[in-house]
Structures are given as C-alpha cells and as structure tokens.
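Protein chains in written order, with this note's numbering: chain A, 85 to 376; chain B, 85 to 376; chain C, 85 to 376; chain D, 85 to 376.
Glycine included, C-beta positions come from ideal geometry on N, C-alpha and C.
Note sheet for the following structure.
4 protein chains.
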Amino acid sequence: MNIAFLGLGAMGVPMARNLAAAGHDLVVWNRTPKPDAVPGARSATSPAEACRAVELAITMLADDAAVESVVFDRDGVLGALARGACHLGMSTVSVGLARRLADAHSSQGQGFVASPVFGRPDAAAARKLWIVPGGTAADVARSRPVLEALGQGIFPMPDAPGAALAKLLGNFLILATIESLGEALALAEKAGLDPERLLEMLTGTVFGSPIAKNYGKIIATTAFEPAGFRLPLGLKDAKLALAAGEELNVPLPLAGLTRDRLLIALARGRADWDWSGLASVIREDAGLSPRR
Amino acid sequence: MNIAFLGLGAMGVPMARNLAAAGHDLVVWNRTPKPDAVPGARSATSPAEACRAVELAITMLADDAAVESVVFDRDGVLGALARGACHLGMSTVSVGLARRLADAHSSQGQGFVASPVFGRPDAAAARKLWIVPGGTAADVARSRPVLEALGQGIFPMPDAPGAALAKLLGNFLILATIESLGEALALAEKAGLDPERLLEMLTGTVFGSPIAKNYGKIIATTAFEPAGFRLPLGLKDAKLALAAGEELNVPLPLAGLTRDRLLIALARGRADWDWSGLASVIREDAGLSPRR
Amino acid sequence: MNIAFLGLGAMGVPMARNLAAAGHDLVVWNRTPKPDAVPGARSATSPAEACRAVELAITMLADDAAVESVVFDRDGVLGALARGACHLGMSTVSVGLARRLADAHSSQGQGFVASPVFGRPDAAAARKLWIVPGGTAADVARSRPVLEALGQGIFPMPDAPGAALAKLLGNFLILATIESLGEALALAEKAGLDPERLLEMLTGTVFGSPIAKNYGKIIATTAFEPAGFRLPLGLKDAKLALAAGEELNVPLPLAGLTRDRLLIALARGRADWDWSGLASVIREDAGLSPRR
Amino acid sequence: MNIAFLGLGAMGVPMARNLAAAGHDLVVWNRTPKPDAVPGARSATSPAEACRAVELAITMLADDAAVESVVFDRDGVLGALARGACHLGMSTVSVGLARRLADAHSSQGQGFVASPVFGRPDAAAARKLWIVPGGTAADVARSRPVLEALGQGIFPMPDAPGAALAKLLGNFLILATIESLGEALALAEKAGLDPERLLEMLTGTVFGSPIAKNYGKIIATTAFEPAGFRLPLGLKDAKLALAAGEELNVPLPLAGLTRDRLLIALARGRADWDWSGLASVIREDAGLSPRR
Chain A
85 MNIAFLGLGA MGVPMARNLA AAGHDLVVWN RTPKPDAVPG ARSATSPAEA CRAVELAITM
145 LADDAAVESV VFDRDGVLGA LARGACHLGM STVSVGLARR LADAHSSQGQ GFVASPVFGR
205 PDAAAARKLW IVPGGTAADV ARSRPVLEAL GQGIFPMPDA PGAALAKLLG NFLILATIES
265 LGEALALAEK AGLDPERLLE MLTGTVFGSP IAKNYGKIIA TTAFEPAGFR LPLGLKDAKL
325 ALAAGEELNV PLPLAGLTRD RLLIALARGR ADWDWSGLAS VIREDAGLSP RR
Chain B
85 MNIAFLGLGA MGVPMARNLA AAGHDLVVWN RTPKPDAVPG ARSATSPAEA CRAVELAITM
145 LADDAAVESV VFDRDGVLGA LARGACHLGM STVSVGLARR LADAHSSQGQ GFVASPVFGR
205 PDAAAARKLW IVPGGTAADV ARSRPVLEAL GQGIFPMPDA PGAALAKLLG NFLILATIES
265 LGEALALAEK AGLDPERLLE MLTGTVFGSP IAKNYGKIIA TTAFEPAGFR LPLGLKDAKL
325 ALAAGEELNV PLPLAGLTRD RLLIALARGR ADWDWSGLAS VIREDAGLSP RR
Chain C
85 MNIAFLGLGA MGVPMARNLA AAGHDLVVWN RTPKPDAVPG ARSATSPAEA CRAVELAITM
145 LADDAAVESV VFDRDGVLGA LARGACHLGM STVSVGLARR LADAHSSQGQ GFVASPVFGR
205 PDAAAARKLW IVPGGTAADV ARSRPVLEAL GQGIFPMPDA PGAALAKLLG NFLILATIES
265 LGEALALAEK AGLDPERLLE MLTGTVFGSP IAKNYGKIIA TTAFEPAGFR LPLGLKDAKL
325 ALAAGEELNV PLPLAGLTRD RLLIALARGR ADWDWSGLAS VIREDAGLSP RR
Chain D
85 MNIAFLGLGA MGVPMARNLA AAGHDLVVWN RTPKPDAVPG ARSATSPAEA CRAVELAITM
145 LADDAAVESV VFDRDGVLGA LARGACHLGM STVSVGLARR LADAHSSQGQ GFVASPVFGR
205 PDAAAARKLW IVPGGTAADV ARSRPVLEAL GQGIFPMPDA PGAALAKLLG NFLILATIES
265 LGEALALAEK AGLDPERLLE MLTGTVFGSP IAKNYGKIIA TTAFEPAGFR LPLGLKDAKL
325 ALAAGEELNV PLPLAGLTRD RLLIALARGR ADWDWSGLAS VIREDAGLSP RR
C-alpha cells in the first residue's frame, strides 16, 4: 500500500521500519528531517507533500498540539489527502480531538481511524504493540493489514472518540498501578520489609499483570531514570483522562490523585524522570528519601 | 502432627479437611459447635481443651476481636498450649495484634507464626491458597509441612507483623484495583463503550492479573451479589491498612479513598454486598444506577 | 467620566445604575439589547460603537468565552478603544485570559485593569462590593473614582493576573467553606444534633465570617434553590483555580475535591441549584436525602 | 461550691485559678504534683481523694487515655464521687468515651456533663473560653455558675456525646481553614502575590472569622513555632473526628486530607510544631520551602 508516515520519534521510527519491511511503499515526514531513519522510504518536506498520493496517512506524534498542527495547518494532512483516502491517527490524543478529526475528515470525504497503541519503543520494534482502532467498520477493515504489521493484537472500539478514551483509560490504569504499588511499597519499606521481596510475593500470586511486574520493579528499586515515558507526558495523559470525565460529569478522584502527585514531582524538578517517578512523592510523604 | 484447628467458617472447614486428608491428627473447635464438619477430627468444647496436647494450634477466625478472645481469654490458646508448641495464626489481623501475639507466645516459651492467606473458599478447598508466613525461621520451618498441605505457594516474611502487613497490603491492592477499574468502566459506560468489551481489551493486553480479571468481570456486570467477601470485612481491612500506616506516619490516600467509598456503600444499606460493591458508589457519582 | 459599560446581567445592571447615579456619562451594550435597563444611559449596538469615544470601558460578562468575544472580535473593545483609554475588566476570568488581555491592550497603547469583585447582586445594588483591581499603578489610580462608586472596599493587587487569581482563590475559599460545613453538618445531623443550633454555636464563636454565616445557613436548611450563583458557574471557577495551579505545578487537592462534588451534582441533574448544593452530595454520601 | 479540679496543664491552671478567684472552694490534683499552681486551693494526692467530698469534679486532661485512667482506675473519680455529685469533663475526648462516661456515671447515680471548650491558654486566663456543655438539663443547669466563671459564652448540646462531637467538629473546621488557606496562600506566593497582603484582602472582606485571621497570619508568615497547639494533638483530634464519622458511616474526605497532611509533617520530624504546620506540607507540595 502507498502510505505516508508522519512523525519519526522513538515510536514512529521502529513502526515505519516494520511497515517498510512488510513491503509497503512509504513516504515519511518529520518536523526535524531524518532522511535515513527508515531504509527504503522516500522523504517529504511537508505533511501535505507526503500525503498527496497515498491511500493511507499515519500520524504518530507527541500530543494534541502536534497533531492539530500537522493535520489542520495549511500544508497539512486534511487539505492534501485525496477523497477516499484514510488517516490513521496512532498518537495518544484527547477524546475531543479524536471527535474533531473524525468530523473533519468525514466532511472531506476522507476516512479517519483513531488507533492508539499500548507498548514502548522496544515493543514497537518487535511488532508487539497492542492496537485499539476506532472508526467505521470499513475504515478499520482496510487499516487492518497495516495494523497487523505493527502489533500483536487488535481490539476495535466502536468509533474514534471511543478508541481515544480506551487508550487514556489504559494510561490511567497504569498511573493507578503506580500509585497503589507506590503506597504499598513505601509502607512496607518503612515497616522493615524488603520491597522487592514483597513485590515478588504480590506479582507471583494474584497481582501479576505485565504492568504490575514492570512498574513494580521500577518502584521497588526506585529506578526512575532514565525515563521510558517522561513524567510530563504522563501528566498530560492524566489531564486528558480527567478532561474526558469532566465532559461527561464523571469525577475520577484516583486520576486526580495521580495528577497531583505528578504536579508535585514537577514542582520538585523531576521533569526528566519516568512517570513512575510519581512514586518518589509517595516516598517523601512517608518520610523516605525520593530514591533509596 | 497433632494439630488443633480453631475456627470452622467458610475458610476453616475446607482447610481443616485438607489437613485431615493429609493424615494429620486433628482436634477442632468452633464457637458454634460443628461436630461433623471435618470427618475424622475430634471436637473440643473450648480452645483450651483443643490446644492442651498438640504441637500446633491453628486459628482461622473472623477478625482481631475473635482472635483476641480465643487466644487471651481464660480458656484460651495462650494458657493451654504447651511450652515449645506453636500457634499458627492464619486469620487476617492487624499488625498490632500480630506483634502482641508474637510477644505473648514468646513470653510463654511458645512459638507464633502469623500466616495469613490469599484465596477464597474454593481456593482453600482446592489447596490453591497463597500463604505468607512470618515468624522465626525455626517456627516457619516446622509449620511448612502443614502449609504445604493447604496452599500452592509459600512466601515467608521476616516476622509476624510483617506477614500481617503483607496480607493487608494485598487486600489494599485489591481495593485499589476495584477503585481503578470502577472509575475506568463507569466513564467508559457513560461514554457509550461496552464495559465488558473494554475490560476484555485491558485484561487481554497488559493489565491481566487474576485480580483484575476476576473483579473486573464483577464490576463490568455489576454482579455485586452474592458476596464472595462481604463489604464490611473489606472496610475492616481498609481500616487496618490505614492504621498500619498511621502507626508509622505513612499516609495512604488511595486506601482512604476506598475506605470512604465503602462507608458510603454501608450508609446506603449495602452491608450484604461483595466488597467490589464499592464500585456501585463510583457509578452513582457518575450519575449511573448502582447496578446496570 | 465617559464610560462604556458592556454586559447588563444580574450584576451589570445595578453596577451601571450606580455609575449613572454618580454622574458618569454612560453608554451601555448588552448582547441581548436592554434599552431601558439603565436610566439616563445611551445604548450602543456593538461593543465597538460603545467604546469609540470613552475614557473607560467596563466589561462585566459571564465567562472567558464572553470576554474573549467582546474584546477580540472584529467589532470588539480592543479595536475600538482609543490609545490611552483603559479597559476595566470586572468579570471573573482565568489567570491566562487576564494576562492575555493585559498584553493585548498594552500593545495597543491602551490600559487594562483586571478588577473582579466579591458580592452578589444585592451587594452590587447597595454599592457594597469588594473590589480587587490589578494593573499599573496609573491605571488603577484613574479607575479608582469609578470603583469607589461601585463598592465598599478596594484591595489592589500588583497586576492583572494577580487580581484574577485573588478572585479565583476567594471563590475557592467559598467552596472550601461549603465543603467543610457540609461535612460537619452532615455528620452532626446523623448524630442527632440540630444542624442549625450547631451552626449557631460555630458562627457565634470563632468561625463567624460572613461567608460561613451565609452559606452555613443555606446548608443547614438545605435551601439550595433558588440559586444565588448557579452550580455550573461554581464548577467553572473551581476549574479555573485548578488550572491556575497546574500552570505553576501547584496541586490544590481541596479544590479538586469540590470540583468532583460539583461534577457529581451535575451528573444528578442539579444544574439549576446554587453552588452550595455541592453539600447535597455530601449528604447523600452520608446516607441522608439530598435535602432535608 | 466544693469543687475538685483534676489536671493542671496549660489550660487547667488558669481555669482553676479563675474558679478560686470566683470564690469556689477548690481541691486540685495533677499527675505530677503542682502544689503552688493555684493559690488558695488544697492539693490531693489522688483523684479519689480530691473527689470524695465535692459536689463537682472537673477534669481537664490531655486525651482519652488520661481521662480513662483518672476516671476508671482504682483510685479514680468514678469510685470516689458521691451519689448525686457531678463530673464536668472539659477535655476534648472521643464521642465514644463521652458516651461511656455518661453511662458509667449514670449507673453510679452521679451526673456527667461533657463540656469541652474552644480557646487557648490566654483565653482561659481571660475567662474568654467558649464552652459547649452536654448532659441532662439539670446537670447542665447546676454546672452553669461554674461555666460562667470560666468563659464568655455557653452553647448547650443535647447530651454528652453531642457536646464531644461539636468540639471535634470545631477542631475539624480549624483544620479545614488551615488546609484551605494553606493551598490558597501557597499558590498565591508561587504566582508572585504577597501572601500577607492577599490575606488582608480575604479576611478584610468576607472571610474574616477569628480563626481565619489567627491561623491565616501564622500560615502567611510560616510562624509554625512555637506551637500553640502541638501537631500530634491536632492529629489526634482529626482521627477522633474521622472515627466519629466511621461509627455512623459518614465519610469526611476533607478531614482525611488534613489527617494525611499531619502524618506527613510528623514523618518529616515536625512533632513540636503547631498544628497549623500542616501548611508546611502544602508548601513543599508546591515546590516551596517548608518555611519562607
């Protein structure tokens, strides 16, 4: 398939490489040009140039502002994509932006599938992402071969805002896991238990999800640097989850608690830490040092 | 081994039966006599009578008050157990009581192992409990054959208060899971997503612990009755976790949030619901009915 | 002074009347024309028409969106006001909008004073408002005669964003008072105390601020309708306080708690209640009816 | 009147002196004898000795444990007080203990009035206490001359537990005031406003209760030492308020928030600070130093 791939960050590069390896015909674009990032792909100088002759335009960008700019600006996706082509938006964005994108593309006779992913760069490289596409059945169907080249499992949601929400709720659950393990391990440590041994018990019995194992290990060893997912990005997603709740009059006090923890971590100068670094604030509330 | 087994409730009966089946010589006692509950076991008329000639006394009782009464009352375990014998306390109790029991038995030349378990009655019957013993190395060692007849895995903690705390933290993590899934699924439902389908995505990817699968299913279908673990018992454990934190100046705001949810559920008359029924309060806060 | 007065709502009408009565030469504008609202004042058909020949333009509008539109739209204040004239913005707005207005007017050679007020319509009519102006010393000084015709006390802040923040913090403190009295009186009522008598004790001793007396009375009698200040407006201000905190990495958990209460009240259909109706949610959490 | 006064702490001494000055016939007792603390009073060597021949026994002690010991121990008030005499308990105690005391004295044919006070030692010395008596109408009536010699205002509650609760709710409202002003002033300071000037505006307009003025000043100047009321005592009262709520299934999330703040302050070694020092934790959450 002819595909435009916009956004060559830590996630975008391995994803684009996998698509090229799967035999797709790729044109790539990045705000800061990276001409050699994806072997076999052509480079475009603007989103519009990249999108003009493709069936599918994929965006994998940092946040709402980046997506808005790349799609709605003069040289953006919306104006350049052909009628009948489809935009596959794989960034984590607000529910409101997913809705706005679906409406805008629909009004241009284009398709739109919000298709956020779970997984870090190593999972992207290994084609092990979990993908949550939301759009019309036809648009999801034609995106499927591409999604299968990128991930290990596909869980369709009924529409684009639903897919955006599902992703935000997943990130909220990660924050909730960090908060709950953070509280448990801080108390355990202060009570004289070995956090790693307690964690082994917990994740070796009934609490053993991949998320609990992965983040529990970071928290128990306080290995908050280097960041796998930077703390300000986690804060952004906590806010987006809260905003999705506010839109429907649904309070999310646990999301609010984690939002506050992340703000405190930023107030203490930890913008470069992993988002699991919110547990450092829990430690300090217990009278422990931020890191062991 | 000659064993006294005190407490023939929903958990105690299958556990005692497994011990009898494993060939141990059992004398049992229950506040309300249940003479035929454990085939092959003798019945005693008081804790003291049960404990007089045994190497090991096991208690599996409802709460701190029940354990205190059975151990410290005139006809209790403490006064009747021989020097050198050991008390294996498998109830979920406060950290403070675990410490007090360890001290009291030690002053009598008796052993004490706090040995709480994870698992419901069906797991007890199937010898699938997870067991967290805490005591001296020698006392844990001599309890081990008994524990192996009851569970599928044993995770020793350094002492009795540590074992009690590990269990309370486990129950806190269950409450945290209920809270986080409750918030996520309430917002999803209000946004028009199918909670069961969303849950399938979440637990089919990176959030799939046994606890998340089990309680997620209950919450998504709002099947809060009949209770597997009654709501007031969950509240009791939330309070014990908070008390353990207060003792060490460790705030646990997420535990406090769930404590409040459970209080609200009780204020609304749901004492007979499962503790996962705290999610009914989350639903009402979102403007949804308590059950679908 | 030649004054344009934009916004003839429940607050604007009595304020404009007081200015006319004080001898100022007034031209008024309202989105929905109200030609006879202010005796002696001329009516303009657009903000621009109203502002063209005045020394001072006063805005008293519902929210950020209304102010943005009236100031920045083609026929708005910014384009019409003469160099050297001043905009006195008396609406409750976000810190961010106050900053943006100060910058925009400054770049046009115009003055800007953010000058929010404390007080309800009856206080406005009685010239009993408390006014918190923030701008350059010169701009505040030339606004002073006008402010003195409107209120009983003037508390200058160093700049426009500071004045906007001071007002939002005041509204946050009202929400905090409602929350704290709501919790106290709900527990008292459930314990069999008479809430009104308890309140009399509290406000008759050391808790007797005007806010505590006024809102305490409403809460004790659950007189949440008719609204003096509608619940969604209170929610808006709680969000603006939280946003001001987020901008500076300052968590405000008590503001977050009241935000959640207000969301719950809206989810239960209470958009027409007074913002003190957040106490109805506290009552329901205690198992009481929303109103006595 | 013949009066026994038990408890010569910072509050008890000035109160006892005022009673002696009012012409009452006083016998005093303190755990650590203070023979010259109250001119004109005799000293007893035990609570029982002090109580044997009096019409009224007043207790002014630190906490539940002290009151329980002085009343229920072998040489305590309960056994020594004559039938028909009355115990006036002026300490701040739990609702549960107030109930238990009322029951115990009643079963001995004695009266009991829980009669907690608002005010610090300087108010006690100046006879400016606010007093909240709760007991039978007859017992409150006969206590009245004594109460009038101690305070400036008397607000009867229907019974002893009600009076205990009213006092705890008052202390909860002080904590709520500290929390709300702490959040507001921390954000203001970080936004560049002068906290003292903002406070002047707030308490000079509609937020001006004695509590807000007094504690606002401490918070704005971060004068957390020396303590007027030590932080661990504030924590004790926060816990008693929460316990009163738990007994009736009434969650008090704002009380819970302040409890957590106080725990954090203790975890950071601030046991000697004033309870308003909870605001130091708010400051640190905002990235400010604990004190300016």
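For C/R354, count neighbouring Cβ atoms within 10 angstroms of its own Cβ and tell me buried if that reaches 16, exposed if not. Buried, by the Cβ-count rule.
Would you give the residue range spanned by the beta strand (DSSP E) that C/L315 belongs to? Where C/L315 is concerned, there is no enclosing beta strand (DSSP E), although the alpha helix (DSSP H) it sits in stretches over L315 to E331.
Check for me: the alpha helix (DSSP H) holding A/V216 runs from which residue to which? Unbroken run through A/V216: none, as it is neither H nor E.
Could you check how far apart the C-beta atoms of A/F313 and A/D356 are, in whole angstroms? I think they sit under 8 Å. Between A/F313 and A/D356 the beta-carbon gap is near 12 Å, outside 8 Å, which marks them as no contact.
Cα separation between D/F202 and C/L282? Roughly 14 Å separates the two Cα atoms.
Is it the case that the Cβ atoms of A/G180 and B/L271 are separated by a distance below 8 Å? At least 8 Å separates the beta-carbon of A/G180 from that of B/L271.
Chain B beta carbons: is any one of them nearer than 8 Å to that of C/G329? For C/G329, the answer is no, since every Cβ of chain B falls outside 8 Å of its Cβ.
Quick check: is the beta carbon of B/V334 nearer than 8 Å to any beta carbon in chain D? Among the residues facing chain D, B/V334 is included, as its CB has a counterpart in that chain under 8 Å away.
Looking only at DSSP bridge pairs, what is D/F308 linked to? For D/F308, DSSP assigns no beta-bridge partner whatsoever.
Counting only the same chain and skipping the five closest in sequence on each side, list residues whose C-beta sits under 8 Å from that of A/K297. Excluding positions up to five away in sequence, the list reads T287.
Distance between beta carbons of D/A182 and D/A198, contact taken as under 8 Å: Yes, they are in contact, since the Cβ atoms of D/A198 and D/A182 sit about 4 Å apart, within 8 Å.
Which residue marks the beginning of the beta strand (DSSP E) containing A/A198, and which one marks its end? Its beta strand (DSSP E) spans residues G195 to A198.
Contact defined as beta carbons within less than 8 Å: I believe B/I142 pairs with B/F89. What is the distance between those atoms, to the nearest angstrom? B/F89 and B/I142 do touch by the CB rule: their CB atoms are close to 5 Å apart, below 8 Å.
Under 8 Å Cβ-Cβ, which residues of chain C neighbour B/A351? Within chain C, the residues near B/A351 are D369, A370 and G371.
Strictly by DSSP, which residues pair up with B/S373? Residue pairing by DSSP places B/S373 in no beta bridge whatsoever.
Please list the partners that B/I348 has in chain C, where partner means a Cβ-to-Cβ separation under 7 Å. Close partners of B/I348 in chain C (Cβ separation under 7 Å): D369.
Is the beta carbon of B/L140 sitting closer than 8 Å to the one on B/G124? The beta carbons of B/L140 and B/G124 sit no closer together than 8 Å.
Cα separation between A/R211 and A/R167? The alpha-carbon of A/R211 is positioned some 30 Å away from that of A/R167.
Since D/F308 meets chain C, which of its residues come closer than 7 Å, beta carbon to beta carbon? For D/F308, no chain C residue has a Cβ inside 7 Å of its Cβ, as the nearest lies near 19 Å away.
Does any C-beta atom of chain A lie closer than 8 Å to the C-beta of C/G292? No, C/G292 lies away from the interface with chain A (no Cβ there is under 8 Å from its Cβ).
Any C-beta of chain B sitting closer than 8 Å to the C-beta of A/K301? By this cut-off, A/K301 is not an interface position.
Do the CB positions of C/V138 and C/V122 come within less than 8 Å of each other? Their beta carbons are not under 8 Å apart, which means C/V138 does not touch C/V122 by this criterion.
Between the alpha carbons of D/A221 and B/V151, how many angstroms are there, rounded? Cα to Cα, the separation comes out at about 43 Å.
Name the two residues that bound the continuous alpha helix (DSSP H) containing B/F256. Element bounds for B/F256: A244 to K274.
Check the Cβ of A/S264 against every Cβ in chain B and list those closer than 8 Å, keeping chain order. A/S264 reaches chain B at F256, L257, A260, T261, S264 and L338, counting residues in chain order whose Cβ is nearer than 8 Å.
Please list the partners that B/K212 has in chain A, where partner means a Cβ-to-Cβ separation under 9 Å. B/K212 does not reach chain A, its nearest Cβ partner there being about 10 Å away, counting only Cβ pairs nearer than 9 Å.
A/A104 versus B/G266 - alpha carbon distance: In a straight line, the C-alpha of A/A104 is about 41 Å away from that of B/G266.
Could you confirm whether any beta carbon from chain A is found closer than 8 Å to the beta carbon of B/M241? Output row for B/M241: interface = yes.
If we call anything under 8 Å between Cβ atoms a contact, is C/Q194 one with C/C170? If you check the CB distance, C/Q194 and C/C170 come in under 8 Å.
Look at A/A339 and A/A349 and say whether their C-beta atoms are less than 8 Å apart. Going by C-beta atoms, A/A339 is not nearer than 8 Å to A/A349.
Taking DSSP's pairing of strands, which residues face D/S127 in a bridge? Paired residue(s): D/V112.
How long is the line joining the alpha carbons of D/N114 and D/L336, rounded to whole angstroms? Those two C-alpha atoms are separated by around 36 Å.
Among C/V216, C/L92 and C/L234, which residue has its Cα nearest to the Cα of C/D243? The shortest C-alpha to C-alpha distance from C/D243 to any of C/V216, C/L92 and C/L234 is the one to C/V216.
Chain-ordered neighbours of D/I295 on chain C, where CB pairs are closer than 8 Å: Result: V290 and F291.
Could you check which residue in A/S130, A/H108, A/R101 and A/R126 has the C-alpha nearest to that of A/T116? Ranking the options by Cα distance to A/T116, first place goes to A/S130.
Suppose you measure from the CA of C/G160 to the CA of D/D206; what does that come to, to the nearest Å? Rounded to the nearest whole angstrom, the CA to CA distance from C/G160 to D/D206 is 59 Å.
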